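*Asks:* Those letters in the sequence shown? Residues 73 to 903, per this note's numbering, in order.
Don't be surprised by glycine CBs; every beta carbon is placed ideally from N, CA and C.
In this text, all values refer to a predicted model and were calculated from it rather than measured experimentally.
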Amino acid sequence: HETDGSAGPVPAVLIPQAAARPKRHQRQLTRDRRSRDPPANMQALLRPSCGLLSSRSGAAARTTALLHSGQSCAFSAPAKDEEGKPLSEMLRDLKASEHFDLIVIGSGPAGQKCAIDHAKTGKSVAVIDKRDMHGGVCVHTGTVPSKTFREAILHLTGHRHRSFYDGKSSPKKRFGIEDILQRVRKVEGAETDITRHQLIRNGVELVNGTARFLPDPNKNMVAVLSNDSYETATDGRRHTRADICKRVLTADKFLIAVGTHPARRADIPFDGETIFDSDQILWGQVKTVPKRLIVVGAGVIGMEYASMISIIPGSEVTVIDGRKEILDMADREVAEALCYSMRQTGTRFFVEESIKSVEKSETGEVIVHLNSGKTIVGDGLLYTLGRQGNTEGLNLGAVGLEADKRGLIKVDNNFQTAVPHIYAAGDCIGFPALASTSMEQGRLASVYMRTSKPTNKHKEAPEESTDPQYMRTRMRSGDLFPFGIYTVPEISMVGKNEQQLTKENIPYEVGVARYEELAKGQMLGGVPGFLKIIFCPKTLHVLGVHAIGEGATEIIHIGQVVMSTGGTLEYFRNAVFNYPTLAEAYRVAALHGLSKRQPEHDTCDLTAEQIEEIRMITAMTVTEICRVRRKYKTLVKHEEMTRDEFESLPGTVRIDKLLLVLSVCPDHSEGIQASPLKARLFQTLELTDTGCVAFAEFARFIAMFSYNTAPDGKLKGKQSFKIHDFDGDGKISREDLRTYADLVLPKILDQELGDTDEGAQQRQEVWMMPSKTSPCRCYVNWCISRQFIDQIVTRVMEESASDPAQEFLVYEDFAKVIQSTDFESHLVIPF
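1. Which whole-angstrom value describes the C-beta separation of Phe503 and Tyr495, a residue pair presumed to lie in contact below a C-beta threshold of 8 Å?
2. Taking the alpha carbon of His333 as the reference point, which residue from Glu581, Pro341, Phe348, Thr322 has its own alpha carbon closest?
3. Got a sec? Which residues, its chain only, sit under 6 Å from Thr611 by beta carbon, not counting five neighbours each side?
4. Given a cut-off of 9 Å, decide if Arg420 and Ser387 are closer than it, judged by their beta-carbon atoms.
5. I need the straight-line Cα distance from Arg478 to Glu277, nearest angstrom please.
6. Can you name, in chain order, every residue of its own chain whose Cβ lies under 6 Å from the Cβ of Leu253, other than the five neighbours on each side?
7. Grouping DSSP H, G and I as helix and E and B as strand, with all else coil, what is Gly621?
8. Mind checking which residues open and close the alpha helix (DSSP H) that includes Val694?
9. Whole angstroms are fine: how far does the CA of Glu408 sit from the CA of Leu468?
10. First and last residue of the beta strand (DSSP E) that includes Ala283?
11. Across which residues does DSSP place Phe607 in a beta bridge pair?
12. Can you name, in chain order, every residue of its own chain whose Cβ lies under 6 Å from the Cβ of Thr574, other than the five neighbours on each side?
13. Look at the Cβ atom of Ser179, then the Cβ atom of Val199, and state whether they are nearer than 9 Å.
14. Buried or exposed: which applies to Arg515, given that a residue is buried once 16 or more other Cβ atoms fall within 10 Å of its Cβ?
15. To the nearest angstrom, how far is it from the Cα of Lys592 to the Cα of Phe644?
16. My assumption, with CB atoms under 8 Å, is that Arg395 sits in contact with Val423. Please give the rounded CB distance.
17. State the DSSP-derived secondary structure class of Glu388, mapped to helix, strand or coil.
18. Going by DSSP in three states, Ile901 sits in which element: helix, strand or coil?
19. Just how far apart, CA to CA, sit His233 and Gly598?
20. Measure the beta-carbon distance from Tyr558 to Glu376 and round it to whole angstroms, keeping in mind my assumption that it falls under 8 Å.
21. Please report the distance separating the alpha-carbon of Val259 from that of Val216.
22. Please classify Ile56: is it buried, with 16 or more other beta-carbons within 10 angstroms of its beta-carbon, or exposed?
23. Would Ala151 be called buried (16 or more neighbouring beta carbons within 10 Å of its own) or exposed?
24. Buried or exposed: which applies to His212, given that a residue is buried once 16 or more other Cβ atoms fall within 10 Å of its Cβ?
25. On a CA-only basis, which of Asn290, Ile392, Asn443, Gly556 is nearest Met401? Give me that one, please.
26. Which residue's Cα is closest to the Cα of Ile392: Ala585, Ile366, Met205, Val765?
27. Can you give, in chain order, each stretch of the beta strand (DSSP E) that sits fully within the segment 428-500 and has at least 3 residues?
28. Does Thr360 pass the burial test, meaning 16 or more other C-beta atoms within 10 Å, or should it be called exposed?
29. Here's the rule I'm using: 16 or more other beta-carbon atoms within 10 Å means buried, otherwise exposed. How should His190 be labelled?
30. Within 10 angstroms of its Cβ, does Gln416 collect 16 or more other Cβ (buried), or is it exposed?
31. Taking a contact to mean a Cβ-Cβ separation below 9 Å, would you say Val660 touches Ala585 in this structure?
32. May I have the straight-line CA-CA distance separating Ser413 from Thr625, to the nearest angstrom?
33. Excluding sequence positions up to five away, which residues of its chain have a Cβ less than 7 Å from the Cβ of Thr267?
34. Could you name the residues of the same chain whose beta carbon sits closer than 7 Å to that of Phe770, not counting the 5 residues immediately before and after it, in chain order?
35. Identify the residues that DSSP records as bridge partners of Glu170: which are they?
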């Protein structure tokens with residue numbers, strides 16, 4: 073530091089002529105300093121606006137002399153020094169210690185693969201990164217430690233073996249977060265050594281420190297700063313104590329692969345112990361696993377940690393997210409299956425909710441106030457909304473680059489930035505921000521550096537792109553990459569999902585194989601899960617593969633290879649798979665899909681506009697709309713369905729793969745026509761001017777009561793919430809319950825049964841109140857009063873301890889009515 077008579081020391085940069093490798097006791101001293109308090113002027117040191125260099129009178133001259141004499145010096149240099157000498161002329165006097173063909177900033181998946189690929193061609197390559205961060209964010213705070221965290225919890229809780237003995241499991245022992253992190257540190261250390269040895273073995277020079285671009289006219293000079301770091305008590309982050317320049321390097325080309333870090337809201341009081349982000353939970357600052365954990369953000373990171381913590385005995389997890397759908401990039405059926413599994417472990421979801429404020433009580437509890445007026449109390453809060461690029465310390469402005477508001481760098485299809493000889497790859501360029509794709513991005517960037525001429529053509533990337541086609545064009549034409557989400561159970565996908573195909577009006581069919589159908593699935597304890605293949609019904613080309621359950625991230629690669637080679641569903645049918653394996657699910661799903669293939673001449677008479685209009689109303693796929701249309705034409709004599717035709721529908725109506733059950737006992741056909749249910753349903757429909765049911769309204773009626781039911785037409789409790797959410801808001805409200813009761817048990821006036829003892833006896837006979845031990849069965853040909861319907865609703869609300877004026881979650885409250893596996897519904901159209 074230099075002093076100028078001001079209150080505090082002036083930040084400066086020490087620049088030696090050549091940097092010597094620090095001795096062992098010096099490296100130990102650096103590690104020991106991390107626990108010390110930062111200097112008083114640390115905020116000034118950390119501000120990028122301070123620049124790398126600052127100037128004082130005569131500093132430039134002293135610097136040049138000391139550089140040639142081999143000594144270190146402190147100097148500063150703004151745009152001009154006090155003598156008016158331009159900075160560019162001052163930097164011209166600096167002697168770079170070494171020149172490389174390529175300098176890679178960051179040693180994560182993208183940086184490592186780029187460096188090794190380039191070095192294998194005989195090029196000189198240097199990788200600049202902190203000594204304790206070799207392997208990048210992936211190894212230290214991202215993929216590797218978080219997935220090790222997951223595996224440690226699965227092992228310590230015995231979760232994988234819960235299905236072997238009637239769904240019961242017990243922890244291996246009493247454990248805490250230190251037991252989990254012990255395994256994390258071991259794997260992290262091994263991966264760090266592997267990364268370091270791979271780079272050295274391939275002739276890559278490792279430069280320990282932090283890189284910062286210098287304002288050189290050729291834009292090819294970087295300073296390597298030392299890493300005398302420390303951690304603050306307020307936020308737990310590691311900061312650089314001083315910018316001490318160890319070396320000045322130049323290169324023909326650069327790759328920026330610095331990764332990202334968790335983003336934070338300024339108004340949330342992070343303390344690293346009770347309110348923390350996804351990095352801090354892995355640093356060991358969180359001393360215990362919160363019994364009541366609040367997770368803010370239902371993205372990949374938030375859902376992964378929420379599902380991990382939820383399986384620890386005694387833990388309660390609450391997930392808050394502002395979006396309507398959780399994991400909106402995933403197939404809806406897969407995402408809903410994950411949510412159901414997490415609800416089984418006690419997880420609560422608050423969607424379309426935003427945080428107003430967060431505070432800590434005097435007892436140490438975390439109190440979250442939502443903008444909707446709700447208040448959530450927990451023992452800890454994990455914030456996972458968004459990530460920020462680690463580009464703030466690179467001094468990008470010195471070379472004419474600029475990061476966006478999220479710290480991300482724009483690149484073209486060749487991973488080239490606006491500066492032709494500077495490339496970027498990995499998480500710091502945005503979507504998809506996966507370790508697997510970052511590796512391929514780094515390798516391709518190395519290829520483009522050697523084979524492509526600088527064009528300086530810059531194509532701005534979408535700020536928030538989730539279209540797989542966008543990434544394919546950026547990486548290599550026709551390539552597909554898999555997504556893996558390591559929740560419990562894990563999710564994986566490749567290709568397009570049903571929502572995307574529906575939006576693009578692409579016809580498709582689906583073949584499904586459930587784990588319980590596989591011998592290997594039974595051997596694993598009957599673990600839940602399924603694999604779904606989406607394919608073109610005409611050409612049988614595979615359009616997408618989606619899986620959830622044990623080994624989903626492993627078996628997804630089979631589908632990836634078949635899709636990348638243009639394979640069809642017939643490949644899975646003809647291929648021989650090891651038995652018993654989970655990979656056998658491909659064959660089962662293919663056979664299921666082929667059995668539903670429609671003849672080519674079997675078309676729909678609706679126009680594209682009509683199909684789109686109905687799709688918007690019903691959320692059905694194009695294929696499903698055509699099936700319902702064909703059945704509708706067989707049920708009506710004219711263009712529209714009359715009341716008599718509607719009420720004359722048989723107890724079981726088959727619409728290709730759709731099964732509409734209008735009676736609780738379809739095997740007892742007697743009395744079905746007399747059931748008042750159809751008359752009640754007809755009254756809920758919107759009729760035409762002639763009093764008939766148009767096809768669009770019939771399709772809406774079909775869609776309202778359809779959702780993943782069993783093949784026998786019985787509605788299991790785990791699927792029934794969707795059917796009984798009559799207003800479609802994703803929650804079961806008091807009015808939804810009343811509507812359900814009205815439909816299931818047709819209303820009869822109180823005076824028809826009366827208030828006599830006989831009437832009371834009749835009520836007792838027609839309805840048995842649900843309990844935790846007895847199933848709830850509903851018979852449509854029995855009637856109860858509106859008063860008794862209200863009693864049912866009130867009792868459900870009371871048992872759930874919910875505020876009757878508020879909506880509530882299905883699996884906590886309404887499940888008390890439908891929790892029994894024997895529960896049956898007669899308002900079902902299973903797919």
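*Replies:* Here's the rundown:
1. Within the sequence shown, residue 503 is the residue found at index 431, counting from 1. Within the sequence shown, residue 495 is the residue found at index 423, counting from 1. Contact doesn't hold; Cβ gap of about 17 Å is too wide.
2. By 1-based counting over the sequence shown, the position of residue 333 is 261. For the residues Glu581, Pro341, Phe348, Thr322, the minimum Cα distance to His333 belongs to Phe348.
3. The residue labelled residue 611 in the question sits at position 539 within the sequence shown. Cβ neighbours of Thr611 beyond the five flanking positions: none.
4. Translated into positions along the sequence shown, residue 387 becomes position 315. Translated into positions along the sequence shown, residue 420 becomes position 348. Cβ atoms of Ser387 and Arg420: not closer than 9 Å.
5. Counting from one through the sequence shown, the residue named residue 478 turns up at place 406. Counting from one through the sequence shown, the residue named residue 277 turns up at place 205. Whole-angstrom Cα-Cα distance: 31 Å.
6. In the sequence shown, counting from the first residue as 1, residue 253 sits at position 181. Excluding residues within five positions, the ones whose Cβ falls inside 6 Å are Gly356.
7. Residue 621 sits at position 549 when you count from the first residue of the sequence shown. Coil, per DSSP.
8. The residue labelled residue 694 in the question sits at position 622 within the sequence shown. For Val694, the uninterrupted alpha helix (DSSP H) segment begins and ends at 694-707.
9. As a working mapping, residue 468 is identified with position 396 in the sequence shown. As a working mapping, residue 408 is identified with position 336 in the sequence shown. Spanning the two alpha carbons is a distance of roughly 43 Å.
10. Here residue 283 is taken as the residue at index 211 of the sequence shown, counted from 1. In the DSSP assignment, Ala283 falls within the unbroken beta strand (DSSP E) covering 282-285.
11. As a first step, residue 607 is located in the sequence shown; it is residue number 535 there, counting from the start. Answer is Glu581, Val614.
12. Indexing the sequence shown from 1 puts residue 574 at position 502. Excluding its 5 nearest sequence neighbours in each direction, Thr574 has C-beta neighbours in its own chain below 6 Å: Thr693, listed in chain order.
13. Numbered from 1 along the sequence shown, position 107 holds the residue referred to as residue 179. Numbered from 1 along the sequence shown, position 127 holds the residue referred to as residue 199. For Ser179 and Val199, yes; Cβs fall inside 9 Å.
14. Position 443 of the sequence shown holds residue 515. Counting every other CB atom within 10 Å of its CB across the protein chains shown gives Arg515 a total of 16 or more, marking it as buried.
15. Here residue 592 is taken as the residue at index 520 of the sequence shown, counted from 1. Here residue 644 is taken as the residue at index 572 of the sequence shown, counted from 1. Each residue's alpha carbon lies about 18 Å from the other.
16. Counted from its first residue, the sequence shown places residue 395 at position 323. Counted from its first residue, the sequence shown places residue 423 at position 351. Yes, Arg395 and Val423 are in contact; Cβ-Cβ is about 7 Å, under 8 Å.
17. Locating residue 388 in the sequence shown gives position 316, where the first residue counts as 1. It is a strand residue.
18. Within the sequence shown, residue 901 is the residue found at index 829, counting from 1. Residue placement at Ile901 cannot be trusted, given a pLDDT of 30 that sits under 50; the coordinates are not used to answer.
19. Looking up residue 233 in the sequence shown gives position 161. Looking up residue 598 in the sequence shown gives position 526. One C-alpha to the other measures close to 10 Å.
20. Position 486 of the sequence shown, counting from 1, holds the residue named residue 558. Position 304 of the sequence shown, counting from 1, holds the residue named residue 376. Contact holds; Cβ gap of about 5 Å.
21. By one-based count along the sequence shown, residue 259 stands at place 187. By one-based count along the sequence shown, residue 216 stands at place 144. Looking at the two C-alpha atoms, the distance is approximately 8 Å.
22. Because the chain is modelled from 73 through 903, residue 56 falls outside the range shown and cannot be assessed.
23. The residue you call residue 151 lines up with position 79 of the sequence shown. Unreliable placement is indicated for Ala151, whose pLDDT of 37 sits below 50; no coordinate value is reported for it.
24. Locating residue 212 in the sequence shown gives position 140, where the first residue counts as 1. Buried, by the Cβ-count rule.
25. Working through the sequence shown from its first residue, we reach residue 401 at position 329. For the residues Asn290, Ile392, Asn443, Gly556, the minimum Cα distance to Met401 belongs to Gly556.
26. On the sequence shown, position 320 is the one that residue 392 refers to. Looking at the Cα atoms, Ile366 is the closest of the given residues.
27. Look at the segment 428-500 and you find these whole runs of beta strand (DSSP E), each 3 residues long or longer: 438-442, 447-450, 452-455, 459-461, 494-496.
28. Within the sequence shown, the letter at position 288 stands for residue 360. Here Thr360 is exposed: its Cβ has fewer than 16 other Cβ atoms, across all protein chains shown, within 10 Å.
29. Taking the sequence shown and counting its residues from 1, one reaches residue 190 at position 118. Classification of His190: buried, given that the 10 Å Cβ count is 16 or more.
30. Numbered from 1 along the sequence shown, position 344 holds the residue referred to as residue 416. Classification of Gln416: exposed, given that the 10 Å Cβ count is below 16.
31. For the purposes of this step, residue 660 is taken as residue 588 along the sequence shown, with counting starting at 1. For the purposes of this step, residue 585 is taken as residue 513 along the sequence shown, with counting starting at 1. In terms of Cβ geometry, Val660 and Ala585 form a close pair [threshold 9 Å].
32. Translated into positions along the sequence shown, residue 413 becomes position 341. Translated into positions along the sequence shown, residue 625 becomes position 553. Taking the straight line from one Cα to the other gives about 18 Å.
33. Position 195 of the sequence shown holds residue 267. Closer than 7 Å at the Cβ level, and outside the excluded window around Thr267, lie Ser179, Gln184, His206, Gly207, Val211.
34. Translated into positions along the sequence shown, residue 770 becomes position 698. Taken in chain order, the residues that qualify are Tyr704, Met713.
35. In the sequence shown, counting from the first residue as 1, residue 170 sits at position 98. Per DSSP, Leu321.
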